Amino acid sequence: MIPERMRRTARYAAILLAAVAAAMVVAACGTQATGVSRSDPAYVADSAAAHLFNERCGGCHSLSYAGTYGSGQNPRTYEAINGPNFNVRCERSGGAMRVLYAIENGGFSGAYMPQNIVVGKQARELANFVARYAGRLAPKQPGVTPCDKQPLNPLPLTGPLPQLSASAGATGKTASAGKATAGGAAKTSGKSSSGS
20 MIPERMRRTA RYAAILLAAV AAAMVVAACG TQATGVSRSD PAYVADSAAA
70 HLFNERCGGC HSLSYAGTYG SGQNPRTYEA INGPNFNVRC ERSGGAMRVL
120 YAIENGGFSG AYMPQNIVVG KQARELANFV ARYAGRLAPK QPGVTPCDKQ
170 PLNPLPLTGP LPQLSASAGA TGKTASAGKA TAGGAAKTSG KSSSGS
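Spelled out as structure tokens, the structure:
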């Protein structure tokens with residue numbers, strides 16, 4: 020016969036084990052693997068940027084390469100804070116400079132996205148990552164070059180930023196002042212209506 024004290028200890032151990040197992044399951048909820056290929060030479064930088072995007076941007080933006088689905092999917096339930104779906108929105112036309120502008124200035128509308136959600140070298144890495152992987156799930160359109168086949172103009176991770184060309188505005192049509200700010204982003208001459 021097993022003494023009462025041993026039965027109680029065994030019961031507490033079973034409860035504790037169940038609680039730990041439940042905590043591990045809950046902790047894994049919502050995590051998603053990144054879509055960055057391990058064979059890619061830029062894997063280390065892109066993987067770090069994917070995790071940063073997941074952590075800082077995933078609540079409002081979708082980008083499968085970062086494992087996030089924060090954009091509104093249904094127009095009837097879409098909320099004002101739902102940002103663009105980068106799975107289908109190409110960010111190569113304005114390059115990583117355009118993405119960096121949005122990071123530093125709270126998007127293009129300035130309504131909901133916090134300014135400088137990421138700063139410094141991490142902001143440049145994140146801008147390069149979004150420009151590189153955004154738009155890869157966009158539907159193919161006749162006569163339009165797919166996003167991943169368009170030229171990519173990555174930002175240097177340190178040092179001065181390149182000049183933003185006059186045609187690389189928020190929608191690819193907005194003229195810009197062409198000068199980089201001290202914080203790193205180019206200021207455009209007008210606001211775009213293309214969301215954050």
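Adding 19 to a residue's 1-based position in the sequence shown gives its number in my numbering. Glycine residues also receive a C-beta, built at the ideal position from the N, C-alpha and C atoms. Remember, it's a predicted structure, so these values are computed and weren't measured experimentally.
Per DSSP, the bridge partner or partners of residue i
| i | result |
| --- | --- |
| Asn104 | Ser81 |
| Thr164 | BP columns for Thr164 are empty, so no partner. |
| Tyr88 | Ser81 |
Start-to-end residues for the alpha helix (DSSP H) that takes in residue i
| i | result |
| --- | --- |
| Ala130 | Here Ala130 belongs to no alpha helix (DSSP H), and DSSP marks it neither H nor E. |
| Gly139 | Gly139 to Tyr152 |
| Ala115 | Gly114 to Asn124 |
Proximity of residue i and residue j at Cβ, strictly below 9 Å
| i | j | result |
| --- | --- | --- |
| Phe72 | Ala85 | yes |
| Asn106 | Arg155 | yes |
| Arg75 | Val118 | no |
| Tyr120 | Asp65 | no |
| Met116 | Pro181 | yes |
| Arg111 | Ala150 | yes |
| Ala142 | Glu123 | yes |
| Ser128 | Asn104 | no |
| Ala32 | Asn147 | no |
| Gly77 | Gly89 | yes |
| Asn172 | Gly114 | yes |
| Pro170 | Ala157 | no |
Cβ separation of residue i and residue j, assumed to be a contact under 8 Å, to the nearest whole Å
| i | j | result |
| --- | --- | --- |
| Thr87 | Lys140 | At roughly 22 Å, the Cβ-Cβ gap does not stay under 8 Å, so Thr87 and Lys140 are not in contact. |
| Asn101 | Cys79 | 6 Å |
For residue i, the three-state DSSP class (helix, strand or coil)
| i | result |
| --- | --- |
| Val63 | helix |
| Arg57 | coil |
| Ala157 | coil |
| Thr28 | helix |
| Leu176 | coil |
| His70 | helix |
| Leu35 | helix |
| Glu98 | coil |
| Ala189 | Low confidence applies here, because Ala189 scores a pLDDT of 43, under 50, leaving its location unreliable and the question unanswered by this model. |
| Arg75 | helix |
9 Å Cβ cutoff, residue i in contact with chain C
| i | result |
| --- | --- |
| Asp65 | Among the chains in the structure shown there is no chain C, since it carries only a single protein chain. |
Residue i beta carbon near the ligand COA (any heavy atom closer than 8 Å)
| i | result |
| --- | --- |
| Val118 | Ligands in the displayed structure: none, and consequently the ligand COA is not present. |
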